[in-house]
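Right, one structure below, let's go through it.
Number of protein chains: 2
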Amino acid sequence: MGYAGWLRARHGRALNAANREALSRFLSARPRLVDVRPARAVIPGMTSERILHAGPPIEWARMSGPLRGAVVGALLYERRAATPADAESLAASGGLTFAPCHHHAAVGPMAGVVSGSMPVLVVENQTGGNRAYATLNEGLGKVLRFGAYSADVLDRLRWLETALAPAIGAAVRRAGGVDLRLLIAQALQMGDECHNRNRAASALLVKTLAPHLAALELAGSEQERVFAFLAENEHFFLNLAMAACKASLDAAHGVPGSTMVTAMARNGTDFGIRVSGLGDRWFTGPASVPAGLYFPGFGAGDANPDLGDSAITETAGLGGFAMAAAPAIVQFVGGTPGDALATTRLMYEITLGEHEIYKIPALDFRGTPAGIDVALVMRTGILPQIDTGIAHRQPGVGQIGAGLVRPPLLCFERALEAAAQARRNG
Amino acid sequence: MGYAGWLRARHGRALNAANREALSRFLSARPRLVDVRPARAVIPGMTSERILHAGPPIEWARMSGPLRGAVVGALLYERRAATPADAESLAASGGLTFAPCHHHAAVGPMAGVVSGSMPVLVVENQTGGNRAYATLNEGLGKVLRFGAYSADVLDRLRWLETALAPAIGAAVRRAGGVDLRLLIAQALQMGDECHNRNRAASALLVKTLAPHLAALELAGSEQERVFAFLAENEHFFLNLAMAACKASLDAAHGVPGSTMVTAMARNGTDFGIRVSGLGDRWFTGPASVPAGLYFPGFGAGDANPDLGDSAITETAGLGGFAMAAAPAIVQFVGGTPGDALATTRLMYEITLGEHEIYKIPALDFRGTPAGIDVALVMRTGILPQIDTGIAHRQPGVGQIGAGLVRPPLLCFERALEAAAQARRNG
């Protein structure tokens, strides 16, 4: 048999009953933004002692600079500490419980820190009924997710809590929810890949919510501030995309025997993946520093290793997997539009299928590569391509660039070993 | 010399001093939306006896169905007639002056009818200081520009006049204007070609104006209606793109000896072009019926010949010339994404240069084809590619499809002949 036949056979083997079931649950997900509410009111198991963070589990001692900074910021924001030093002592004391966002149906970009008072987007998968959560995007510059905790950062977080989130929540409820699957599908035809380019989806969201925000009868100045914040934040949609991907992939988690990846996430120290048929285990390896373009004055020596739950977008076939839909992103992460096409084409080699709603015009409306398979990754040696922001390794400096990164092969080796073990035991 | 050398030589000859000057004026234009005002208050030479229309000059007797319908609608809207029959009598009486929008620094999609009370977008070329005008886009369905004049059409036009236009005008003035060159450049990276796909630019405009609309302190219900109208109208930006193109091309008009095309326009009967160095003359030929995709229930037999000033976008290197930026448009006008790339590549053969701000990611950020040259068209036999909406030939039915169309070769033959004559006389 020729190469095409070999490919079909390889994919045929990969697409066994368990993977077919997991893929089908993922593809049939219909994520919808239904509300915006305080984390402690909606996230299952959320308490005031609990701080959620990006990536696989990690203790304070091993946390990187930006993650530590974000934890300090959250404790100041929650008024659990009066000074950064107090916050660090509290964090180191063992008196708090750190847990991955992913353990609470949540996701967060970069440090991904969520504390009880923070408002979160509530995204419901209308097919499976499961929900996922993400904080509101704070914008660029000095922000908590890059580990900043200065007064202006905390002030902005409080404005998000007291003004922006209630307004958006009310508008979303008045709109009867917002179909995120439709917004993502449109954005893919408008040059977004919904990880590092969210300009189209963010604008479509503003357009969709504007009539409902208008009807709230906020004071003109407050309403102006809401619209100005949304107009200036081209990544506002990122957190919605992430929660949509999380809700869709959680639906595919827990199918016995499935080797489909349901999460890829980084805490700034470790890279971890989870696999549908392998329960709550993380398969981890050391996080790498992305290769990319740096803002003026910064270089690779300033970069923190790979950080954030935003690789949930790649896990769902967006981000780096959908770069062919977003040729303009190469100006931000490096490479040429031709590289963007080639990257997406390569990702079909390690995925179980193609999305039926998320389509890429430049590839003749082919669906995005859907359902990373651990076995296909190991058989081909092709690692998932993630495009990502790069954080400074010191807390609070912020984003210093963007680029491309791949998970360590070790994650997939360990997962495939565990899958083989499970088969032997099963 | 090989083909590449021949091409360079051909373009070198075309790019003589006159064409270089015209192209440079066009490329350096910076169109900015600065206001929204009643036509009679801002359009030079506009009177209450004057009805502007799309395309080259035409008398009532030769007007097609949709153009006649729009004239009737304008007379009812202006309360110059009480019934459609009265309006037709008035139009046929010779008591009105019909003139092309293009004779008044204006452009209008489809019928392109402008009467004195209609609000118009005021777009200023910040480099040349010249202004261009276009009405506000009414949305899809039964609308004046397709020749509809039922009560709901007239009611909507009055709401545009009394509510929407004052609100947008105030927001634009409060924003200090809106940089249309920037919006168009962004939209080209977001899958718009700014003729038949305006989804991105329309959303970016809403996002840009929203804080200023919010600050106007309109009643919540009125503000909601404004935002809902803008949210539902994915072609709202078309009229802004057209005025931006008109302002940019008018700056290039009137360079003696230049064979650069500064307008292509259709009145539903005739197709006409104007050329920079050939004064106010139109070079016309019969308008064709576009080849394209029809909405269910309609076919080519229902179609009106090519109509509207919207080909000003192609004249400026957008629309069909920029299809490579908008692969998703093939779902609307027919063909494949590969055809869209090929169409743009072909248009470089008949243009004098490339735009320095309007870039196409899929062509490695090459500038859009800029400055159609009559001589290059005649030397290559390649006609400009226009993508366009298709109107029903009966007034008021509306849009029945979209497709591709080319001007008659005759326009270019006549223009080149006139250019040769002018050289002999000069």
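For the protein sequence lines, the chains are A and B, in the order given. If you're matching positions, the first sequence starts at 1 in this note's numbering and goes up one per residue. If you're matching positions, the second sequence starts at 1 in this note's numbering and goes up one per residue. Built from N, CA and C at the ideal position, the CB exists for glycine as well.
Among residues of its own chain, excluding the 5 on either side of I360/B, which ones have a beta-carbon nearer than 8 Å to its beta-carbon? L188, A322, A324, A325, T344, R366, G367, T368
Cβ shell of Q394/A (< 6 Å), same chain only, five flanking positions each side left out: Excluding residues within five positions, the ones whose Cβ falls inside 6 Å are G65.
Count the other CB atoms within 10 Å of the CB of P384/A; is the residue buried (16 or more) or exposed (fewer)? buried
I372/A - partner residues in DSSP beta bridges: T351/A
Give the residues from the region 167-200 of chain B that approach chain A closer than 7 Å (Cβ to any Cβ), ordered along the chain. The region 167-200 of chain B vs chain A, Cβ under 7 Å: Q189, M190, G191, R199, A200.
Any residues in the region 94-128 of chain B with a beta carbon nearer than 8 Å to a beta carbon of chain A? Which ones, in chain order? The residues in question: there are none.
Could you name the residues of chain B that T208/A contacts, counting a contact when the two beta carbons are closer than 7 Å? A231
Of the listed residues R414/B, I184/B, C101/B, V34/B, nearest to L278/B (C-alpha basis): R414/B
Cα-Cα, which of E138/B, F295/B, A243/B, P286/B is closest to E314/B? Looking from the CA of E314/B, the closest CA among E138/B, F295/B, A243/B, P286/B belongs to A243/B.
Could you check where the beta strand (DSSP E) with I43/A kicks off and where it finishes? I43/A -> no beta strand (DSSP E), and no H or E assigned at all.
List the residues of chain A that D364/B touches, going by C-beta distances under 7 Å, in chain order. Within chain A, the residues near D364/B are T336, P337.
Mind checking who E124/A pairs with in its DSSP beta bridge? For E124/A, the pairing in a beta bridge is given by DSSP as R32/A, R131/A.
List, in chain order, every chain A residue whose beta-carbon is nearer than 8 Å to that of G220/B. Correct list: A214, A215, L216, E217.
Less than 6 Å between C-beta atoms, sequence neighbours within five positions excluded: which residues of the same chain meet that for A303/B? V289, I390, listed in sequence order.
Using a Cβ-Cβ cut-off of less than 9 Å, give me the residues of the region 71-88 of chain B that come near chain A, in sequence order. The residues in question: there are none.
Cβ pair count under 8 Å reaching 3, the region 249-260 of chain B against the region 268-287 of chain B: yes
Measure from the C-beta of L160/B to each C-beta in chain A and report whether the shortest distance is under 8 Å. L160/B does not count as touching chain A.
Considering Cα atoms alone, identify which of P407/B, L416/B, A263/B is closest to A375/B. In terms of CA proximity to A375/B, L416/B leads the group P407/B, L416/B, A263/B.
The alpha helix (DSSP H) enclosing Q399/A, as first and last residue numbers: Not the alpha helix (DSSP H): Q399/A falls in the beta strand (DSSP E), residues 399-405.
Residue(s) in a DSSP beta bridge with T388/A: Looking at the DSSP assignment, T388/A forms a beta bridge with G403/A.
Assigned secondary structure, P38/A (DSSP; H/G/I helix, E/B strand, else coil): DSSP, reduced to helix, strand and coil, places P38/A within a strand of the structure shown.
Taking 8 Å as the CB-CB cut-off, is P38/B touching chain A? no
Does the beta-carbon distance from A163/B to L213/B come in below 8 Å? no
Locate the alpha helix (DSSP H) running through M242/B, then write down its first and last residues. 236-250
What residues are listed by DSSP as bridge partners for D270/B? P286/B
Is A111/A helix, strand or coil when you go by DSSP? coil
Taking CB distances under 8 Å as the criterion, tell me whether P211/B reaches chain A. yes
Can you find a C-beta in chain A that's less than 8 Å from the C-beta of M1/B? Any reading at M1/B must be qualified, since the residue scores a pLDDT of 49, below 50, and its modelled position is unreliable; no value is offered.
If you run the structure through DSSP and keep just helix, strand and coil, what is P100/A? DSSP, read as helix, strand or coil, puts P100/A in strand.
Pairwise C-alpha distance: F229/A and L216/A: 17 Å
Take Y358/B as the anchor and find which of A87/B, R181/B, V120/B has the nearest alpha-carbon. R181/B
By the DSSP assignment, the beta strand (DSSP E) with I184/B in it spans what residues? That residue, I184/B, is in no beta strand (DSSP E); its alpha helix (DSSP H) goes 180-188.
For V143/B, which of G176/B, V71/B, A165/B has the nearest alpha-carbon? V71/B
Would you mind working out which of T97/A, E193/A, P84/A, Q126/A sits nearest L341/A, comparing C-alpha positions? E193/A
Neighbourhood of R266/A by C-beta, 7 Å cutoff - its chain only, sequence neighbours within 5 removed: A54, G55, A287, D306, L307, G308, A311
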